[in-house]
Amino acid sequence: MLLHHHLHKTQSVNIDQIYQLYEFPFEAIFDVPEAKEEFRQYLKKEHNEEPFLFYEDVEEYKRLKFEENKAKKAIAIFKNYLLPNSPHEVNISAQHRQNAIKAFEQSAQLQNDKSMLVPENVFDEIQLAIFYNLKNDNYPRFTVSQQFKNFLKQKDIAFVSLIAIKKNTTYMKYVPKLEGLICDRDIQFFSFMCFNDDLEVWDEISVSKDARAACYQSKKEFYFNDQLGQSENMSGKIMKMKFILPCTKEEAFNVFSHTHLRKEILDIESINQVDYIPISKNNKYAQTILHTQMPVKGFSWIMKPREAVAAVTCVYDTKRESYGFIMKSTETMIVPIRKSHVRVRVLTSAFFSDCPVSAKITSHKILKKQSESSPSLKKSLNSHKKSSSQSSFSLTGVVTTLSERVSRHSEEDASEDQTMSPSESSFGSAEHACLISFTSFLDFKIPSETVKKKIFKTKNKIIYNRLLNTIKESRAMAFPRAKFSEGVLDTLDAFKEYYLSNDPNAEMTWELEDEEDGTLHEIVSSTNNNNNNNQH
């Protein structure tokens with residue numbers, strides 16, 4: 001057994017195969033100190049180390065808690081990187097440099113560190129510009145350099161798997177385009193992302209104490225409308241939230257369809273229907289066109305409120321037995337762009353499925369740890385991975401078949417991350433339960449992954465509490481049908497009438513075609529085995 005483990009750890013990698021099947025996310029490099037140091041050495045050879053050093057020093061500045069230490073660090077950064085002719089002067093725009101100098105001039109005297117009150121976000125603007133420059137210019141050249149390839153050759157499979165993720169997966173062919181109305185491609189992509197629980201697709205942000213709320217961020221960055229001009233390009237990661245609620249999927253969907261409840265749950269200022277497009281020869285799904293306004297809380301004095309115009313349709317997946325809500329930005333002459341608001345683009349979905357009342361969300365950390373120590377558990381996880389995009393019980397399956405086997409370890413292992421949501425009693429005594437999976441594209445424009453995750457984690461907790469409260473209130477009124485849904489229920493009624501009313505056995509589902517399975521270890525192992533066989 002020890003010999004097998006040794007072979008696994010020292011197994012060499014096939015560089016050509018790795019580059020063909022995998023890519024190296026910029027953020028992953030910063031999570032692995034040895035890889036991050038290799039990137040710094042590359043920049044040093046290129047005589048461009050200063051941006052990297054600045055970025056790291058700013059991150060350290062943000063981690064400091066004691067105000068006196070923060071002031072000293074801020075002054076050091078200012079003198080080392082931002083002043084003209086400073087020792088490590090970074091190449092930034094004149095406007096960025098002028099803004100930083102002005103901020104320090106408006107603070108306390110530079111000579112008196114203790115009285116220096118530096119704005120918390122004084123470096124954010126410059127750090128963001130440097131972040132995108134490193135990511136989009138320096139880093140791509142680094143990952144194809146001979147230095148990086150030589151670095152990988154010295155590492156084993158376990159190390160490479162820390163900084164590499166699979167590319168060219170089937171679902172990437174279905175990434176929505178922000179043009180026109182909602183089509184099958186959009187529903188296929190969102191249903192896959194909602195029902196897929198693959199550890200290679202998602203990074204877990206947090207799981208609640210009661211294991212009934214969780215949030216995730218996609219490992220991959222998605223590119224929307226890549227055919228447009230660069231100024232209109234959109235790219236970013238997909239966020240996902242999961243909630244297990246004490247009601248049926250029909251009741252949960254009913255609650256969500258009420259306009260005033262949806263506004264409260266999602267913290268939206270207003271939702272107004274401006275158009276309705278019925279099913280026709282050129283339009284497969286009925287769609288309501290909504291004008292949504294969103295305040296920027298906490299920043300309203302310096303930032304304009306946001307608004308979006310989006311198409312919404314609702315469907316029922318007969319194979320997964322799930323209700324789907326799809327929302328995608330579109331354009332309409334009915335709502336012209338206003339100078340008083342910033343027009344944003346949205347991609348959002350929610351799928352509602354029944355699940356056992358005892359269902360719980362199991363942390364990725366626990367599943368990974370148990371799969372490494374238990375071959376049978378690993379086999380079970382792999383089988384779930386293969387079927388996760390096809391079954392409405394992908395989460396429930398993990399919960400019911402695996403949760404019991406890892407429950408002995410759950411409390412001690414999950415205590416670090418599962419610290420964010422309501423107590424067990426807030427769920428109440430329920431006869432039914434359902435799982436809601438939300439996925440959204442959110443362009444935070446924040447370079448710090450830590451800050452992004454904190455924001456999303458807080459939002460996950462707030463939405464879960466609001467869902468529990470609104471379901472409790474709606475139950476007291478026997479879950480009445482929404483009188484005002486801004487066309488949301490009308491699109492579902494139209495879907496059922498057109499596609500399901502005449503044929504009770506009709507199958508409507510949005511699955512992706514199967515793709516080849518294989519983890520990084522399996523692919524490289526197969527390659528090495530083939531090479532060994534050829535040598536014999």
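Going by the UniProt record's numbering, the letters in the sequence shown line up with residues 1 to 536, in that order. Here a beta-carbon is modelled for each residue, glycine too, at the ideal position from N, C-alpha and C. From a predicted model like this one, the values you see are computed outputs, not experimental measurements.
- Count the other CB atoms, across all protein chains shown, that sit within 10 Å of the CB of D31; report buried if there are 16 or more and exposed otherwise. exposed
- Item | Residue of K284, D267, I268, I289 minimising C-alpha distance to residue 549 | Residue 549 lies beyond the residue range present for the chain, which begins at 1 and ends at 536; the question has no answer from this structure.
- Message: Going by C-alpha to C-alpha distance, which of A213, N14, H96, F151 sits closest to L467?
- Response: A213
- Message: Buried or exposed, going by whether 16 or more other CB atoms sit within 10 Å of the CB of A211?
- Response: buried
- Selected residue, minimal CA-CA separation from E177, among R343, D57, L347: Reading off the sequence shown, one finds Lys at residue 177, where the question assumed Glu. The shortest C-alpha separation from K177 is found at L347.
- Message: Suppose the cutoff is 6 Å on Cβ atoms and the five residues either side in sequence are ignored; what does the same chain contact list for residue 538 look like?
- Response: Because the chain in this structure spans residues 1 to 536, residue 538 falls outside the shown range and cannot be described.
- Query: For P25, which option in R141, A430, M327 has the closest C-alpha, if you only look at C-alpha atoms?
  - Reply: R141
- Consult DSSP for I165 and reduce its assignment to one of helix, strand or coil. strand
- C-beta contact flag for C434 and C194 at 8 Å: no
- Message: Rounded to whole angstroms, what is the Cα-Cα separation between V309 and T332?
- Response: 8 Å
- To the nearest angstrom, report how far apart L261 and I182 are at their CA atoms. 24 Å
- Closer than 6 Å by C-beta to I126: which residues in its own chain qualify, once you throw out the five before and the five after it? Chain order, please. I92, H96
- Determine contact between the segment 352–368 and the segment 306–322, defined as no fewer than three beta-carbon pairs at a distance below 8 Å. yes
- Contact the segment 461–475 vs the segment 281–288: 3+ CB pairs below 8 Å: no
- Give the DSSP-derived three-state secondary structure of I463 in the structure shown. helix
- Message: So, with DSSP's three-state summary, where would you put F479?
- Response: coil
- Task: With F243 as the anchor, note down where its beta strand (DSSP E) starts and where it stops.
- Result: 238–245
- Where F123 and N48 are concerned, what is the direct C-alpha to C-alpha distance, given to the nearest angstrom? 19 Å
- If you follow the alpha helix (DSSP H) that L128 is part of, which residue opens it and which one closes it? 124–133
- Distance between beta carbons of F495 and V255, contact taken as under 8 Å: In fact, because the Cβ distance is near 19 Å, the residues do not count as touching under 8 Å.
- Query: Sorted by chain position, which residues of the same chain lie with C-beta nearer than 8 Å to S86's C-beta, five sequence neighbours on each side aside?
  - Reply: K79, N80
- Task: Determine the extent of the beta strand (DSSP E) in which N283 is found, giving its start and end residues.
- Result: Looking at the DSSP string, N283 is not in any beta strand (DSSP E), and its letter there is neither H nor E.
- K62 versus N14 - alpha carbon distance: 39 Å
- Pull up the distance between the alpha-carbon of A476 and that of F484, whole angstroms please. 19 Å
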